[in-house]
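Sequences listed follow chains A, B and C, in order.
Our numbering numbers the first residue of the first sequence as 38 and each following residue consecutively.
Our numbering numbers the first residue of the second sequence as 5 and each following residue consecutively.
Our numbering numbers the first residue of the third sequence as 37 and each following residue consecutively.
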Amino acid sequence: MMILRLAFRNLLRHKWRSALTAGGIALAVGLLIFLSSWMGGMLKTMVASATETSMGHVLVEAATGGDVRTLHDVLPYDRGALGEVDRQSALRALLPRLEFFGLAGDEERAQVVRLVGVDPERERIASSLAKSLRAGVWLSSRPRDEAAALEAVLGAALARQLHAQVGDELVFFTQAADGSLGNDVLRVVGVVTTGHSVIDRATVFVDLAAAQELVALEGYVHSYLLLAEDVRAVDDLVLGVAPWLESLAGPGQVYREASSTASEGVLVRTWQEVAPALAEMVALSQGVAWLFYVILFVLAGFGVVNTQRMSVLERRREFGVLLAVGTRPATLAALVVAETVMLALAGAALGLAFGAGLVLLVGQVGLDLSVFTAYEGDITILGLQLSEPMYTSLADADLWTPVAMMGGLALLFALPAALRAARMDAVRAISGRT
Amino acid sequence: MEVEVPREGGVAPREGLLIEAKDVSRVYQQGQTQVRALDRVSVAFTAGEFTALAGPSGSGKTTLLNMIGALDKPTQGSVVVSGQDVADLGRSQAADFRLRHVGFVFQAYNLLPVLTAYENAEFTLSLQGVPQAERRRRVMVLLDRVGLGGKLDRRPDELSGGEQQRVAVVRALATAPTIVLADEPTANLDRKTGAALLDLMLELQRERGTTFLFSTHDPLVMERARRIVRLDSGAVVADERTG
Amino acid sequence: MGQGAMLVLAWRNLWRHRSRTWIVGSAIALSYALFLVVISIEDYSHVEMRAKAERMVGGALRVEGEGFTATRALEHRVPGGEALARRLAEMPEVVATRPVVELSALLSSPQNNAGGEVLGADPESWPDLLDDLELSLGEGVVFSPGDPHHIALTRPLARDLRVGLGDRVVLTLSDPQGEVVRALFFVGGLLDVGPAGIDRLGLLSLEAAQLAGGLGDAVTGIGVQLSEPGRRFALRDTVAQVVLAERPGASIEVLTWDEVLPELVAMLEVDHASTVVFLMVVFLIVVFAIANTMLMSVLERVREFGLLGAMGLRPSALLRLVFLEGLLMTSAFMLCGLVVALAAHVAIATFGIPVGDEGLAFETADVRIADTAVYSAIVVPHWAKASLMVFVLSMASSLYPAFRAMRLEPTEAMRTWK
């Protein structure tokens, strides 16, 4: 492997130059690794946030013939039967939900709110709601003491608007399913901030049983949120719970198309079908990421191409001598290619260390984007909390694509110089005439 | 011959002496070894000389020439040129000194490849801040004198070796320096061209009285030199007047 | 040495290896152009969002009861709203005023309940109301003067409630005293929602809204359109003084639209800043290429620099020469990049870049834009800042090579060819 040894030593001849060229590549690779981790983490958070708090990976609702769900579009709820479904291996969590609108407040002020009845224990284990508490505690799973107020967890912006703190009591009114006026006294036990304005500004979480009683829908829910063990294997999940889905609606009445016009039975949709804008944003981000891969590598490539071309020019006499003593042009070209690839791989290796290091650093220290603005409140965009520091993780990072791409592109970058080396005229090169 | 008036801050030279090197040594590091380029050399030159420093490679002649031109400083001893001890000069001051007092002609690569013959020739005058009209006057006189009046706009790669050296000579003389230092100026030229160049330099020396010091082992130079100082292994071994 | 002569020397030195200079120069030009284009694409949506926010708020300024934005409670109201609005409209800096009543109410129909925003507005003071809210009339009429029970609903809201023209809708809300009150309405109009309109909205006449909310002659806000919206922060005090004169003792405040929607402004700031930081880091890659090229060009001219030193060029002048080469290269190619960026801007601003069927939905603080294509907008201070950063970074990369050139000892330089 004479060529490799020669290539390596040639690179060492000009330490500064090789270092700078490799440095440019390292920066590009490192940047891409960090970026992939950053964006990957952001997207993951946004999707997880949306799916865990509002729609699950799979959303099961009553079919409504394409219309928006009303109070009366319900599914049967059998607490005991759910235990059987839980055993499905593809299922990470099953969350029943009942929701309806009402007014909440006190003598001074009242707000329109969305009341959501949840199973406190299931939510505590599986969804990110319980983890989004800013004050107080999550709903307890103890059976309700008849005389006491109903435990409630509020969205933070809603709590602010109602001037309600943990421990305060609120009155809640709604129109029940049987036409009567439902009401109850709520006691705020916790406040959450999820980054979703629907929740933070307008939602109150209470125990499911109490909600069912409040709105006269005992034994029913509006939706089931299914969370999958593996986000990519959602179809397996649906297959696995098919028997239970049939039990909810009757055989042949489980519909999987989002555009289904069935008005009886059960509608099952994936999160991408429920929130196509979000799904498209994820796809768009990935497309943009690829675009940046290309741009960054082209920029790094400029440095490599230039360096190698000049390097060949400088060694004209040397190459001329080599040709004169019988080296084949293809061998000279191979030498240049070997140098370029080595340079690129060295840079990529450095970049890998740099990128991974940066990801770990930001994973520890966090990056607080809110320094760019004087605003002190919450800043949310599509479920992402920008007013809190963001942490990156290696698990989200794409480590190998940048490295592999660089290695591959190095071959391309080597071409101009390699061709020049191969096409050299020995006599002219030795005499120094151009 | 002129008597040099002592310059500010300098040592008054002995009468008539332009350059005085006293007990000069120059030692430098080359990898692991120490090289003694000059070993306690003492030699002096007066104004108007046309002198060759001769000797084999490594004898120290280039080193001595560099010191006289304030390009280098002795490790020991003193080199006084035009009343100025070169050791006292900082880098910027040395550059200024060279600009005003010294002209250089090197073996090769004398000219800036991106400038034309004329632009190369007037370069040092331009550095001195001489106005354009005056520059043109002085340079054209010299360029015509050396026979290059018609090749003003040629770049160095369009001139022959001999022509390039002639442009270098014009540039060296254009500022009317006290000394012209030529380091193997004929080494890259064929015999005939080299002889022509040296004859030209000899004539110019007689016309202007500028001191010419050569570092060389070319017999063509020795034939024309009026004094030959021979060096070997960093020491002066002979000092002959020949004409 | 004359500046002109040095400039000539520097420029010619730059072009000794033409393809080398062109390659690095293209890197500079293209990455600079990229910088500018990315910023201007982002700025387009930001500018759009700001404009939309201002339209939604009703103007550059908003007069409200103190604390209304935070709580949306009717107790924080502006008494004598219409009269005050008329008075403010007389001010020379004011183009128009729009008194509005915003109610957060529960809407109920026999089939369903839905939470929604209900807006009471005066079509005479806000003729472009539908356009500003990105709505259009589908069926029926928007306003029915004199009818206190007329309401127009957006179609999504009507669907939620399972109502059509003529059906009943009951509004339940709490009045300024905190009492829960109900008001009866009949659906008199259905509104179609544009891609970024508020999809669940009810429209009432100002009087009907005041009646339903028990507000008397008060309103919840007055949008103030200025002839110079850019000066809104300064004009805010002028308007506040008039308000104080007209309603002494009332707790009323004058906010800029930025203050009504601070979350939006903050998000835009963060977005922009992080984009700029990212692009600068990307440009660092080009900095390496520049440094490399300049270093190569210095090192291959070691002999020549020695010669220049021998001739009497001071070390500081050598530094200047190399620096000047860097300056010329940077300036020339940044200029090229600017031309490319301007051309790209014109192309994108005219034709747009399609981004899929769902469009790119940006929503924050309830301001939503949904474009199916992105366009480009030049915000001059942003371009100026970006150009400065690119320039400084490029020049910084020629610093080390320039210092290397300066530190060469002439003899050492010339010994290289012995």
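Where is the CB? At the ideal position from N, CA and C, for every residue including glycine.
For C/Met431, the CB contacts under 7 Å within the same chain, skipping 5 residues up- and downstream, are Gly362, Leu363, Thr366 in chain order. At a cut-off of 9 Å between beta carbons, B/Tyr113 contacts chain C. In the structure shown, the three-state DSSP call for B/Arg212 is helix. Look at C/Glu289 here: in three-state DSSP terms it is strand. Not a single CB atom of chain C sits nearer than 9 Å to the CB of A/Leu274. Selection C/Arg91, C/Ala69, C/His53, C/Gly101 evaluated against C/Gly285 yields C/Gly101 as nearest (Cα-Cα). Residue environment: A/Leu398 is assigned as exposed (fewer than 16 neighbouring CB atoms within 10 Å of its CB, all protein chains considered). The residues Val28, Ser29, Arg30, Gly64, Thr67, Leu68, Gly238, in chain order, have a CB closer than 7 Å to that of B/Leu42 in the same chain once the five nearest residues on each side in sequence are set aside. Contact of B/Thr128 with chain C by beta-carbon distance below 8 Å involves Met347, Gly348. Judged by DSSP in its simplified three-state form, A/Pro426 adopts coil rather than helix or strand. Under the Cβ criterion (8 Å, minimum of three pairs), the stretch 187-202 of chain B does not count as touching the stretch 34-54 of chain B. Per DSSP, the beta bridge partners of B/Lys26 are B/Ser82.
For A/Leu80, not one C-beta of chain C is nearer than 9 Å to its own C-beta.
Any Cβ of chain C closer than 9 Å to the Cβ of B/Leu116 would place that residue at the interface, and such an atom is present. Residues of chain B whose Cβ lies closer than 7 Å to the Cβ of C/Arg339 are, in chain order, Tyr113. Excluding the 5 residues flanking it on each side, A/Leu72 has same chain C-beta neighbours closer than 8 Å at Ala326, Phe329, in chain order.
Around the beta carbon of C/Leu242, a 10 Å sphere encloses 16 or more other beta carbons of the protein chains shown; the residue is thus reported as buried. C/His186 carries a strand assignment under DSSP once its states are collapsed to helix, strand and coil. Between the alpha carbons of C/Val114 and C/Ala157 lies a gap of roughly 15 Å. In this structure, the beta-carbon distance from A/Ser217 to A/Ala246 does not fall below 9 Å.
Contact holds between the stretch 137-150 of chain C and the stretch 207-214 of chain C, because three or more Cβ pairs, one in each stretch, are under 8 Å apart. Contact check for C/Gly116 against C/Glu175 fails: the beta carbons are separated by 9 Å or more. Residues of chain C with a Cβ closer than 9 Å to the Cβ of B/Asn124 do not exist; the shortest Cβ-Cβ separation is about 10 Å.
Straight across, the Cα-Cα distance linking A/Leu223 with A/Leu251 is about 12 Å. The beta-carbon of A/Gly93 is placed no less than 9 Å from the nearest beta-carbon of chain C. Identification of chain A residues near C/Leu331 by a Cβ-Cβ cut-off of 9 Å yields Trp53, Arg54, Leu57, ordered along the chain. Residue state for A/Pro439 is assigned as helix, using DSSP reduced to three classes.
Judged by DSSP secondary structure, C/Val255 falls outside any alpha helix (DSSP H); it is assigned neither H nor E.
As summarised for the stretch 175-219 of chain C, the continuous alpha helix (DSSP H) elements at least 4 residues long and confined to that stretch are 191-197, given in chain order.
Taking a 10 Å sphere around the C-beta of A/Ala451, we find 16 or more other C-beta atoms and assign the residue as buried. Distance from the CA of C/Thr329 to the CA of A/His51, rounded to the nearest whole angstrom, comes to 13 Å.
Interface residue (Cβ-Cβ distance to chain C less than 9 Å): A/Tyr257 is not classified as such. In terms of Cβ geometry, A/Arg171 and A/Gln198 do not form a close pair [threshold 9 Å]. Here B/Phe101 is not near B/Ala186, since their CB atoms are 9 Å or more apart.
Annotation: B/Ala191 is outside any beta strand (DSSP E) and is labelled neither H nor E by DSSP.
The beta carbon of B/Val241 sits no closer than 9 Å to any beta carbon of chain C.
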